[in-house]
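Worksheet: one structure, shown below.
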Amino acid sequence: MVVGQHTGKISIDYKKCIGCRECEQACVFFREHEFNPRRARIRVLINEREGVYAPLLCNQCKECLSACNRDALSWDEKLGAVRVDVDKCNGCGLCIEVCPQEAIFLDPVSEVVNICDLCNGDPQCVKWCSEGVLKYEAA
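In the numbering used here, the protein residues as written are 3 to 141.
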């Protein structure tokens, strides 16, 4: 593996999304063992009037890493994903501000940031997406 190369990535086919939010529920249940979509690491933006549904998900671009002044964010080279050290994160939101995908979320319970970490290489949002919107592409 080349240094800096992703080992996997989730792609999104926005045209297929029906706004069911199964991905959010799978994510938060896997991570937090509860059904609270506000704690998910993926979010579906819904515009009912236009009939548009848009999943927001970290694409592992690493832009957030340099924004964190507490070294709470790191790059997992093996997985190809951003990791959050919850003991160092103070929820300041600097990483949220720089995220070009707007895909970093402040957890309303823990008050630290939630960033998709690909579920350690087995993304639950992809497994539970019944419409085939999300696909995990291993490198």
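By construction, the Cβ of each residue, glycine as well, lies at the ideal position given by its N, Cα and C atoms.
Check                                                                                                                                     : Outcome
Bridge partner(s) assigned by DSSP for residue 12                                                                                         : 138
Outcome for residue 111 when other beta-carbon atoms lying within 10 angstroms are tallied against a minimum of 16                        : exposed
Rounded separation between residue 31 and residue 128 - CA only                                                                           : 14 angstroms
Exposed unless 16 or more other CB atoms sit within 10 angstroms - verdict on residue 135                                                 : buried
Separation of residue 84 from residue 21, as counted between CA atoms                                                                     : 26 angstroms
Whole-Å CB distance - residue 10 paired with residue 140, under 8 angstroms assumed                                                       : 5 angstroms
The segment 35-49 / the segment 69-83 touching (three or more Cβ pairs under 8 angstroms)                                                 : no
The segment 55-63 touching the segment 85-98, judged by at least three CB pairs closer than 8 angstroms                                   : no
Pairwise C-alpha distance: residue 51 and residue 125                                                                                     : 30 angstroms
Integer Cβ distance of residue 58 from residue 103, believed to fall under 8 angstroms                                                    : 6 angstroms
Beta-carbon contacts of residue 100 that lie in its chain and below 7 angstroms, excluding the five residues immediately before and after : 65, 66 and 69
Where residue 72 falls: helix, strand or coil (DSSP)                                                                                      : coil
Cα-Cα separation between residue 118 and residue 106, rounded to whole angstroms                                                          : 8 angstroms
Selected residue, minimal CA-CA separation from residue 29, among 82, 48, 114 and 121                                                     : 121
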